[in-house]
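Undergrad: For the sequence shown, position 135 matches number 135 in the numbering used here, and the numbering has no gaps at all.
Before I ask anything, let me first share the structure, which is written out below as structure tokens.
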Amino acid sequence: MDRMQKEALVADMRQRLEASTLVVVARQSGLTVDEVTGLRRDMRAANAEFKVLKNTLAQIAVKGTKLEGLTEMLVGPTTLAYSVDSVAAAKALVEFANKNDKIQVVGACLDGKVLKLAEVKALATLPSLDVLRSKLIAVISAPATKLAILLKEPAARVARVISAKNG
1 MDRMQKEALV ADMRQRLEAS TLVVVARQSG LTVDEVTGLR RDMRAANAEF KVLKNTLAQI
61 AVKGTKLEGL TEMLVGPTTL AYSVDSVAAA KALVEFANKN DKIQVVGACL DGKVLKLAEV
121 KALATLPSLD VLRSKLIAVI SAPATKLAIL LKEPAARVAR VISAKNG
């Protein structure tokens, strides 16, 4: 890879990482092609991305950004998982790491805040943004639904009494 290709790769990665809410750093060694393919598939299913990148290129990509705190984690054979969703990348990578000991989560950066391993694992246990939204909508709409049922019930009772008397 020549210098121009490296510069283009670093610029592309910087753009992708800055657009992400969450970037997770993991150490990997000895993953087979099938395992990496499976991990990438899991990441895509979770609307996240997974990239193996040389540490020097990754350090250049995060330099001067809100992700600069990741620099100290970029040691050894590392990978980056990132997503716009605040939970997706962590959830997919932690689930994969629990099944495969060839990859270990090191830490992450969530909106510029560096997270340790325990915080990443706690983040991975949270429900996704879509699940949280649906729960919030259910909580908000439940009282309205109950009110509508209460308001229609007296009229329904009168209708049932009339129907029983005429029937």
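Cβ coordinates follow ideal geometry from the N, Cα and C atoms, glycine included.
Bear in mind the structure is a predicted one, so any value in this text is a computation, not a measurement.
Could you pull the start and end residues of the beta strand (DSSP E) that residue 79 belongs to?
TA: 78 to 83
Undergrad: Taking Cβ to Cβ, would you say residue 24 is nearer than 8 Å to residue 118?
TA: no
Undergrad: Whose C-alpha, out of 41, 129 and 71, is nearest the C-alpha of residue 96?
TA: 41
Undergrad: Which first and last residues belong to the alpha helix (DSSP H) in which residue 152 is found?
TA: 129 to 166
Undergrad: Bridge partners of residue 103, per DSSP?
TA: 28
Undergrad: Taking the alpha carbon of residue 73 as the reference point, which residue from 34, 12, 58 and 14 has its own alpha carbon closest?
TA: 58
Undergrad: Buried or exposed: residue 163, going by 16 or more other Cβ atoms within 10 Å of its Cβ?
TA: exposed
Undergrad: Out of curiosity, what's the CA-to-CA distance linking residue 19 and residue 85?
TA: 11 Å
Undergrad: Could you give the DSSP three-state label for residue 114: helix, strand or coil?
TA: strand
Undergrad: Within this structure, are the beta carbons of residue 106 and residue 27 separated by less than 8 Å?
TA: yes
Undergrad: Secondary structure at residue 22, three-state DSSP: helix, strand or coil?
TA: When DSSP states are grouped into helix, strand and coil, residue 22 belongs to the strand group.
Undergrad: Short of 7 Å in beta carbon distance, which residues of its chain neighbour residue 100, apart from the five on each side in sequence? Order them along the chain.
TA: 35
Undergrad: Under the rule that 16 or more other beta-carbon atoms within 10 Å means buried, what is residue 7, buried or exposed?
TA: Exposed, by the Cβ-count rule.
Undergrad: Where does the unbroken alpha helix (DSSP H) through residue 52 begin, and where does it stop?
TA: First-last for residue 52: 48 to 52, but that is the beta strand (DSSP E), not the alpha helix (DSSP H).
Undergrad: For the segment 137 to 148 against the segment 109 to 129, are there 3 or more C-beta pairs whose distance is under 8 Å?
TA: Proximity of the segment 137 to 148 to the segment 109 to 129 falls short of the contact definition, fewer than three beta-carbon pairs being nearer than 8 Å.
Undergrad: Which one of 3, 64 and 93 has the shortest CA to CA distance from residue 39?
TA: 93
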